[in-house]
Amino acid sequence: MNRMIIMIAAVAENNALGKNNELVWHLPNDFKRFKSLTTGHHIIMGRKTFESFPKPLPNRTHVVITRQENYRPEGCIVVNSIEKAVAICPKNETSFIIGGGEIYNLGLPYTDKLEITRVHHSFEADAFFPEINPDNWQEIHTEFNPIDDKHLYEQCYLKFFESTTQKSL
Numbered sequence: 107m108n109r110m111i112i113m114i115a116a117v118a119e120n121n122a123l124g125k126n127n128e129l130v131w132h133l134p135n136d137f138k139r140f141k142s143l144t145t146g147h148h149i150i151m152g153r154k155t156f157e158s159f160p161k162p163l164p165n166r167t168h169v170v171i172t173r174q175e176n177y178r179p180e181g182c183i184v185v186n187s188i189e190k191a192v193a194i195c196p197k198n199e200t201s202f203i204i205g206g207g208e209i210y211n212l213g214l215p216y217t218d219k220l221e222i223t224r225v226h227h228s229f230e231a232d233a234f235f236p237e238i239n240p241d242n243w244q245e246i247h248t249e250f251n252p253i254d255d256k257h258l259y260e261q262c263y264l265k266f267f268e269s270t271t272q273k274s275l
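Read left to right, the sequence shown gives residues 107 to 275 (this note's numbering).
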């Protein structure tokens with residue numbers, strides 16, 4: 107297996123990700139899905155995303171991208187570019203890009219697969235996911251999740267493969 111880079115995000119209909127370094131929704135099933143997919147893997151994120159966590163996420167290797175030269179959070183790998191973040195991930199494993207908005211934009215050219223939770227609502231936000239170009243990405247799976255007592259918004263789990271990857275399979 108070659109290195110697989112998966113971008114994972116919960117994204118509103120208007121591509122909103124969050125506001126003031128916080129999510130603007132609470133979706134417990136999406137948190138569970140995120141945990142099950144990313145546990146045991148390298149996760150690539152920007153400094154602000156890392157700092158939005160109460161503590162490092164268990165059982166994952168954190169790769170933090172920042173321009174701050176003396177930034178050294180305990181137990182993290184710190185790099186200053188998306189290229190270095192991708193290069194530091196194990197060659198024969200899956201790694202995840204987990205945000206935020208700027209890192210998603212920088213990471214898209216390195217990404218083989220998208221794992222998106224599409225939140226069926228629009229939100230006021232200051233961080234946004236890049237537009238998914240249907241010429242570059244092929245949707246391969248959709249799973250609908252209705253509103254319930256723990257989820258205020260309908261959402262779909264969507265999987266996309268890069269179209270060029272799809273052609274070579």
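Don't be surprised by glycine CBs; every beta carbon is placed ideally from N, CA and C. Since this is a predicted model, take the numbers as computed values, not measurements.
Only exposed fits ASN165, as fewer than 16 other CB atoms lie within 10 angstroms of its CB. The bridge partners DSSP lists for GLU189 come to none.
In the structure shown, the three-state DSSP call for SER201 is strand. Counting only residues of its own chain and dropping the five nearest sequence neighbours on each side, ASN126 has a CB closer than 8 angstroms to the CB of ASP232.
Counting other Cβ atoms within 10 Å of its Cβ, ASN198 stays below 16 and is therefore classed as exposed. By alpha-carbon distance to ASP255, the top candidate from ALA116, GLY124, GLU128 and PRO134 is PRO134. Contact check for VAL169 against CYS195 passes: the beta carbons are separated by less than 8 angstroms. If only uninterrupted beta strand (DSSP E) runs of at least 3 residues are considered, those enclosed by the stretch 211-248 are 219-225.
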